[in-house]
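Each residue of the sequence shown is one higher than the one before, counting from 1 in our numbering.
Think of the CB as a built atom: it goes at the ideal place given N, C-alpha and C, for glycine as much as any other residue.
See structure below.
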Amino acid sequence: MIGVGSKNLMVMTCEPRFSVVLGTPLQSAVNASLVHILKYLTGSAKTYANLTQVYVDVRNVALGHVMVYQGHN
Numbered sequence: 001m002i003g004v005g006s007k008n009l010m011v012m013t014c015e016p017r018f019s020v021v022l023g024t025p026l027q028s029a030v031n032a033s034l035v036h037i038l039k040y041l042t043g044s045a046k047t048y049a050n051l052t053q054v055y056v057d058v059r060n061v062a063l064g065h066v067m068v069y070q071g072h073n
């Protein structure tokens, strides 16, 4: 807890850094998140980024936010 004046503020993060959030597309066109994966599947990516790439389902991100809001550990 971080004290802010006379109030307490709890700060939490629940999405991994450098993550690509995936879910059911809202549009019929291929979006940026899908292009990110598609380039590896099609072989059009000639190099790979030198970092950890995390892929997460948008429903899991939403659930994590709800759990933090409800006070789950």
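State yes or no: is the C-beta of Leu76 within less than 8 Å of the C-beta of Pro25?
Outside the displayed span of the chain (1 to 73) sits residue 76, for which this structure offers no information.
Is the beta carbon of Val56 sitting closer than 8 Å to the one on Ser19?
Yes; because the gap between Cβ atoms is below 8 Å, this pair is in contact.
Which stretch, first to last residue, makes up the alpha helix (DSSP H) that contains Ser33?
Ser33 -> alpha helix (DSSP H) spans Ala32 to Thr42.
Which of the three DSSP states, helix, strand or coil, is assigned to Leu22?
The answer is strand: DSSP assigns Leu22 an E or B state.
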